[in-house]
Amino acid sequence: MYILILSLQKGTHSIYFFFFFFIYIYIYIYPSGNIHLGNYIGCLHPIINVEATKKCSNNLSNKNESVIKLNKIILIADLHCLTKLSNIYSLKDKVIDSVKIIISLIIDMYKKKQSYVDVYINNVKLEDILQLIENKEPNKSNHNNENNNNNNLYEQIASHTSQFHNHIKTDNLGGDMNCVEFPSQECHNHKNKPIKQKHYFYIFKQSDIKLHTSLYYLINSFTSINMLNSHIHIKMGGHNKSVALFSYPSLMLADILLYKPTYLIIGQDQIKNMEIMKKLCRKINYHFSNVAKLPKIFFSKFYSEVMNLDGHKKMSKNHLLHHDKETSKIIYLLDNKKTIENKIKKSKTDNYNILIYGQEDRKEINNLINIFFFFYYHQIKNKKYINRTCNNNENDNNENQNISKLSYIYDEHQLFINNQRTHNYLNDFTNNPNFSHYKQNNINPHFNQNIINKILHSYNNNYSKFKYDLSQLIYNHFITTKIYYNSFNTRHDLIHSILQNGKKCVHRRASQMYKVKHKDIITYYITYFYFFLT
49 MYILILSLQK GTHSIYFFFF FFIYIYIYIY PSGNIHLGNY IGCLHPIINV
99 EATKKCSNNL SNKNESVIKL NKIILIADLH CLTKLSNIYS LKDKVIDSVK
149 IIISLIIDMY KKKQSYVDVY INNVKLEDIL QLIENKEPNK SNHNNENNNN
199 NNLYEQIASH TSQFHNHIKT DNLGGDMNCV EFPSQECHNH KNKPIKQKHY
249 FYIFKQSDIK LHTSLYYLIN SFTSINMLNS HIHIKMGGHN KSVALFSYPS
299 LMLADILLYK PTYLIIGQDQ IKNMEIMKKL CRKINYHFSN VAKLPKIFFS
349 KFYSEVMNLD GHKKMSKNHL LHHDKETSKI IYLLDNKKTI ENKIKKSKTD
399 NYNILIYGQE DRKEINNLIN IFFFFYYHQI KNKKYINRTC NNNENDNNEN
449 QNISKLSYIY DEHQLFINNQ RTHNYLNDFT NNPNFSHYKQ NNINPHFNQN
499 IINKILHSYN NNYSKFKYDL SQLIYNHFIT TKIYYNSFNT RHDLIHSILQ
549 NGKKCVHRRA SQMYKVKHKD IITYYITYFY FFLT
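First residue of the sequence shown: 49, per this note's numbering; consecutive thereafter.
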C-alpha cells in the first residue's frame, strides 16, 4: 500500500474568483474485497482523514474569500491483482466491494466533520449521493426501476456538477507539508479550531486509465531481470512466478509518474520496492534529464506494521487464501461484534502476564497495544464510549479506574514523543541504530511509552479486560461504516456510475503527464536508432 501526497498549489478559481490552495493526495489500494485493519490503519485512514491546517489559511492573501481544497486520488489497483490468475474470477466483485467500503468510510468521516468539511466524490457533492442511498428501501416489485432511477439521477448530477468543477490540475508548484494535518495530528481541541475546507475524492480503477499500461511498458524497456529479482514480492512469491509479478515495481512506478506526486506515504513492506524504483528513475534520467522524479517519503505517526493477531506476520490475506484457520488471525472492517470479540480473545500474547509496552521479545502483546492505541487515539474521547463502559462495569473498581485514567488524557499529542515531522523521515528511521529493534519487536518509535504504560497499568495486568476493551474500540469505530456499506448492497449500478465518473475526472491529468514522458522517450529511441543505422 502506498499514498502519494501530490503538489501543493496556489491559484485562483476561474468561476468564483476565490483563492485556493490545491493539495493533491494519491492512494493505491489493492482490491481484496473485505478490507482488514492493516489496509485501513496503514492506507485508507490517513488519506480519508487528512486535513488542512491553519497554516494553509494564514498563507492566503484574501482572508475573507479563502477556500482550502484537498484533492484525494484513490486508485483501485485491479491490474496489480492479475499477478495471480486465481484472482481473475472474483476481481470484479472485489472491486465493487472495496469501493463500497471506501465510500462508506468517507461518509463516516463526513458525518463527524460536516461542520467544517465539504466532501465531493468524483466532483459530485456527497450530500447528493447520500440523498440517493438514504432513501427507503424499494419494494421488490419496483426494485429494478428504483435502481435505474437512482443511476440516472446520479448521472444527471454528475453531468451538472462537472460544469462547475475543474478537472484535476496538472501544474506542480511544490508546497509545504506543514499545511496538511494527518490523522495522528488532527486539531479537535478548543485551542486549534478546525478551518473550513473542501475534500475532493477521485475514485477510479487502474484498468480504466489505459495510460498506466502504456507507461508501464515503456518503463520495462529500462528494467533488467536482475534488478527485478531483488524485490520483495519475488522473494515471497514461491514457484511459477508470473511476468506480471516480476514487473510489479515497474507498474508501481508508472502509477506514480502519471500523477506527478510530491510526497509519498508507504508501508515498511514497500521500502525495498522503493529502492528498485529509485534505480529505475536513475537509469531513465541518465537518458532524459529529470523525466522520472520520485516523491519524497513521508510517514504518519502510526507508522508500524499491523501484524496478524499472532504478532508474527503482516496482516494480509494474500497468502492465506487457502488456509481458513489462519483467517481468524485477521480482523476485517465488516466483522460483526461477536466475531471481533472472539478473534481478539483468541489472539496470541505471551506467558509473562505483565501488560507493558516496548519490551523486547514480546512482539505479540506489542502488536495488540499498537492496534489498541490507534483506536484509542481516535475514539477514546467519545463520551458515549466512556459512559457505556463505565455503566457496564459499575461494580468493577479496576475497570472504572481504567476509564477514568483514559479520560484524563485531554491532549492526544501526549501519546507521542515528538509531534514534528520531517520529509527525510525514511532516512532518519531506517538509519536509526534501533530500527531493527523496533521492527523485530513491533514497537512504534513515535509512542511515548511512559504515558502508554501508565494507561496500561490501570488494567492491573488483566489481559481479558484489555482485550475486551480493544474489541469494543474496534467494533464501535466502524458502526457507521457498516450501516452505509449495507445501504449499497442494492445499488451496484450507482457504484459503477461513480467509477465511470472517476475515470473522466483523472484522465486529463494522466494524459498530460504521459504525453511529456512518452514524447521524451520516443525521441530518445528515434535518435538512438538514427545514429545506430548511420
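Ideal Cβ placement from N, Cα and C applies to all residues, glycine included.
Report the CB separation of residue i from residue j in whole angstroms; it is logged as a contact under 8 angstroms.
i: Asp-303; j: Leu-123; result: 7 angstroms
i: Lys-394; j: Gly-359; result: The Cβ separation is near 13 angstroms, so there is no contact.
i: Glu-353; j: Lys-362; result: 5 angstroms
i: Asn-82; j: Leu-382; result: 6 angstroms
i: Tyr-532; j: Ser-152; result: 4 angstroms
i: Asn-418; j: Asn-492; result: 6 angstroms
i: Ser-298; j: Asn-268; result: 5 angstroms
i: Asp-156; j: Thr-529; result: 5 angstroms
Mind checking residue i: buried by the 16 CB within 10 Å criterion, or exposed?
i: Val-291; result: exposed
i: Lys-253; result: buried
i: Asn-537; result: exposed
i: Ile-402; result: exposed
i: Ser-272; result: exposed
i: Arg-330; result: exposed
i: Gln-245; result: buried
i: His-525; result: buried
i: Ile-500; result: buried
i: Lys-120; result: buried
i: Tyr-562; result: buried
i: Gln-318; result: buried
i: Tyr-334; result: exposed
i: Ser-364; result: buried
i: Asn-274; result: exposed
i: Asn-171; result: buried
i: Tyr-248; result: buried
i: Lys-239; result: At Lys-239, the pLDDT of 48 sits below 50, so the modelled position is not reliable; the number obtained from the coordinates is stated separately. Lys-239 should be labelled exposed.
i: Ile-490; result: Reading off the sequence, residue 490 comes out as Asn, not Ile. The residue in question, Asn-490, is buried, as its Cβ has 16 or more Cβ neighbours within 10 Å.
i: Tyr-168; result: buried
i: Lys-515; result: buried
i: Lys-377; result: buried
i: Tyr-265; result: exposed
i: Ile-527; result: exposed
Helix, strand or coil for residue i? Go by DSSP, reduced to three states.
i: Gln-162; result: coil
i: Tyr-562; result: helix
i: Leu-266; result: helix
i: Tyr-168; result: strand
i: Ala-125; result: coil
i: Tyr-425; result: helix
i: Met-275; result: helix
i: Val-98; result: coil
i: Asn-356; result: coil
i: Gln-407; result: coil
i: Phe-252; result: strand
i: Lys-132; result: coil
i: Val-147; result: helix
i: Val-291; result: helix
i: Asp-119; result: The identity of residue 119 in the sequence shown is Asn, whereas the question assumes Asp. Three-state result, Asn-119: strand.
i: Asn-399; result: coil
i: Leu-174; result: helix
i: Tyr-296; result: helix
i: Ile-379; result: coil
i: Lys-362; result: strand
i: Ile-314; result: strand
i: Lys-246; result: strand
i: Lys-326; result: helix
i: Lys-344; result: strand
i: Ile-388; result: helix
i: Ile-319; result: helix
i: Ile-257; result: coil
i: Ile-77; result: strand
Does residue i have its Cβ less than 9 angstroms from a Cβ in chain D?
i: Glu-389; result: As a matter of chain content, chain D is missing from the structure shown, which is built from one protein chain.
Discussion item. Pairs of beta-carbons, one from the stretch 513-529 and one from the stretch 386-396, closer than 8 angstroms: are there three or more?
Written reply: Contact holds: three or more Cβ-Cβ distances are below 8 angstroms.
Worksheet item: Counting pairs of beta carbons, one from the stretch 130-147 and one from the stretch 160-179, are three or more of them closer than 8 angstroms?
Response: Contact between the stretch 130-147 and the stretch 160-179 is absent, with fewer than three C-beta pairs closer than 8 angstroms.
Item to complete: Determine, using beta-carbon pairs with one atom in the stretch 531-547 and one in the stretch 140-150, whether at least three such pairs fall under 8 angstroms.
Response: Yes, the stretch 531-547 touches the stretch 140-150.
Item to complete: Could you tell me whether the stretch 175-183 touches the stretch 253-273, where touching means 3 or more Cβ pairs closer than 8 angstroms?
Response: Cβ pair count under 8 angstroms is below three, so no.
Discussion item. Runs of 3 residues minimum, wholly inside the stretch 481-555: which ones carry the beta strand (DSSP E) assignment?
Written reply: If we require 3 residues or more, the stretch 481-555 turns out to have no beta strand (DSSP E) run fully inside it.
Discussion item. Contact between the stretch 498-513 and the stretch 398-412 is defined here as three or more beta-carbon pairs at a separation below 8 angstroms; is this criterion met?
Written reply: The stretch 498-513 vs the stretch 398-412: in contact.
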